Structure formats: C-alpha cells, structure tokens
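Numbering (UniProt numbering), first residue to last: 1 to 275. Notes for the one structure printed next.
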C-alpha cells in the first residue's frame with residue numbers, strides 16, 4: 001500500500017503483514033470491549049504445589065471479563081455480497097454457552113479426540129473450571145453477518161462454530177513434556193475443535209484457525225510462538241496447521257494420547273499472512 005498524493009510528497013510502503021500486527025487495524029473490536037493489554041511487568045512466580053507444571057513463569061495479567069469480545073475479523077472469502085459482510089469473532093466462553101458446548105462434546109466426531117462426553121452437569125463444571133483457571137481463556141468462535149435493512153445495518157444472529165482454549169504453556173501440563181529449556185516465557189498454546197457440523201471444511205478453517213493464532217500474537221506482543229499438541233492420529237488437522245505455518249517438532253506423550261508437537265513461529269505466521 002502506498003501513501004502519498006503528489007509526485008513531490010514522500011511515498012511509504014506498508015506491508016500487509018505489518019498491518020496485521022497492529023491490533024487497532026487487525027481486529028475490529030470496539031473500545032468498550034477487550035483490548036490488548038500493555039506488557040505486564042515481569043514478576044517471576046513459582047507455581048504452587050500440585051500445579052501441572054513446576055516451571056517458574058511470569059506473573060500474568062488478569063483474564064478478560066466474562067463474555068468479552070476478544071477478536072473480530074472481516075472474512076472476504078466468505079462474503080458473497082459486499083452489502084452483507086461476514087466476520088469471525090472470538091468471545092470468552094461462559095455458562096450461557098453451556099447448551100452449545102454440551103451438544104458439541106457429545107458429538108462422536110468431537111469425543112473421538114476430546115474425550116469429554118458427559119452430562120450437562122459435567123460440562124457446567126468443565127466451563128467453571130476453565131473460567132477459574134488463571135492460565136486458560138476458554139473461547140467461543142462465531143460467524144456473524146451484517147445486513148442493511150431499511151437503511152440500517154443490523155447484525156444477524158451469531159452462528160457459533162468453534163470452541164478453543166488459549167493457555168500459557170509454561171503453566172500447562174505440556175511444559176514438562178517438552179525438551180528441557182525450550183519453553184519460552186510467553187509461549188501460548190491452543191486446544192481447538194469445530195463443534196458445528198455446518199461450519200466445517202477448508203474454507204472455514206481458513207477463517208477460524210488463523211484467527212486463533214492471530215489473537216495469541218496480538219494479545220501479548222512478547223508471544224513469539226503458538227504451540228499445539230493435536231493427537232498424532234488426527235492427520236487432517238495437522239495438515240491444516242502446516243498450511244498456516246505450523247511445523248512439527250517431534251511428538252509428546254500424554255497418559256491418554258501421543259501428540260504431534262506443532263509450533264508456529266510469529267515470523268513464519270506473518271510472512272504467510274494466511275487470511
């Protein structure tokens with residue numbers, strides 16, 4: 001993009017990747033909602049006894065408020081009518097999302113990898129636990145269409161599609177399984193699933209998967225890597241992850257599964273700009 005209206009005025013070139021690193025331009029979130037935090041002071045914290053990880057980590061800023069809109073991005077490839085733009089957005093998951101999450105977790109397709117099939121009460125406890133956990137932000141990803149009706153732009157009902165957990169790796173059970181000394185202070189991790197069968201396919205993955213990674217990099221500029229550990233049997237999701245810049249770094253073994261260790265470097269992500 002070039003700025004400058006006359007032959008004598010200076011001309012500036014701004015890369016697409018640079019724009020996507022600016023929160024104000026890259027994420028269409030009103031100021032009344034969650035905004036990226038200023039870098040939090042580095043204060044080392046020793047995990048309490050019983051934590052899944054024993055690694056000392058930086059003190060983290062408070063989690064976003066309940067039902068906060070965290071991220072919103074225009075999706076040109078899903079917008080068929082310029083007058084009805086489609087957006088993908090991320091909001092914190094709360095108990096209002098319980099019926100939706102309950103249905104998703106009991107879908108055999110989801111349960112195959114998440115193994116969280118259960119009752120409404122169990123899933124209520126699941127949400128409450130993640131809401132309390134300081135190292136995890138549970139989120140719901142939704143599609144939203146804006147339409148002009150009678151001269152006014154109105155938001156159509158949200159179409160919830162994705163559940164994800166955004167977590168600090170150093171405080172997670174993953175950290176002790178990674179090669180010693182390789183976990184960085186601001187590594188972010190992702191657990192993610194597509195719950196809605198109506199919103200599956202490569203064109204949809206192009207919307208939600210880069211958006212989750214993008215939010216991780218925008219939320220704290222010190223985050224240089226996003227890490228995922230999908231079941232290594234889930235070859236389809238691993239290929240999709242590689243398409244947006246993730247690279248496999250061997251495997252990690254949990255009690256219940258062997259996972260591919262997938263790492264996305266910030267530089268690789270913004271070089272690709274897979275939006």
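All C-beta atoms in this analysis are idealised placements derived from N, C-alpha and C, irrespective of residue type, glycine included. Note that this is a predicted model, so its numbers are computed, not measured.
For residue 133, the closest of 157, 195, 63 by C-alpha to C-alpha distance is 63. Given a length threshold of 3 residues, each whole run of the beta strand (DSSP E) inside the segment 135-181 is given here in chain order: 136-149, 152-155, 159-168. At a cut-off of 4 residues, not a single continuous stretch assigned as alpha helix (DSSP H) sits fully inside the UniProt region "Disordered" (38-59).
Per DSSP, the unbroken beta strand (DSSP E) holding residue 86 starts and ends at 86-92. The residue from 52, 17, 200, 144 with its alpha-carbon nearest to that of residue 172 is 52. Taking C-beta atoms as the reference points, residue 260 and residue 88 fail to come closer than 9 angstroms. In the structure shown, the three-state DSSP call for residue 211 is helix.
Inclusion of residue 193 and residue 162 in the CB contact set at 9 angstroms is warranted, their separation being smaller than that value. Shown here for residue 110: same chain residues with a beta carbon closer than 7 angstroms to its own, the five before and five after excluded, namely 104, 193, 195 in chain order.
The C-beta separation of residue 139 from residue 90 comes to about 5 angstroms, placing the pair in contact by the 8 angstroms criterion.
Linking residue 107 to residue 117 through their CA atoms gives a straight-line distance of about 8 angstroms. Excluding sequence positions up to five before and after residue 217, its CB lies within less than 6 angstroms of the CB of 223, 266, all in the same chain and listed in chain order.
Closest in alpha carbon position to residue 250, among 228, 270, 205, is 228. Residues of the same chain with their beta carbon placed closer than 8 angstroms to that of residue 182 are lacking, with the five preceding and five following residues left out of the count. The DSSP-derived three-state label of residue 130 is helix. Straight across, the Cα-Cα distance linking residue 101 with residue 95 is about 9 angstroms. The C-beta distance from residue 205 to residue 240 rounds to 5 angstroms, short enough to meet the 8 angstroms contact threshold.
Counting of Cβ neighbours within 10 angstroms places residue 42 among the exposed residues, the total staying below 16. Distance from the CA of residue 232 to the CA of residue 176, rounded to the nearest whole angstrom, comes to 19 angstroms. Residue 190 places its beta carbon less than 9 angstroms from that of residue 165. Considering only 178, 75, 154, the residue with the shortest C-alpha distance to residue 258 is 178. For residue 83 and residue 153, the gap between their C-alpha atoms comes out near 9 angstroms. Boundaries of the alpha helix (DSSP H) harbouring residue 102: 98-105, taken from the DSSP string. If only uninterrupted beta strand (DSSP E) runs of at least 3 residues are considered, those enclosed by the segment 218-245 are 225-228.
The three-state reading of DSSP puts residue 113 in helix, counting H, G and I together. Between the beta-carbon of residue 160 and that of residue 146 there is about 17 angstroms, and that puts the pair past the 8 angstroms contact cut.
Put simply, of 73, 237, 59 the residue whose alpha carbon is nearest the alpha carbon of residue 214 is 73.
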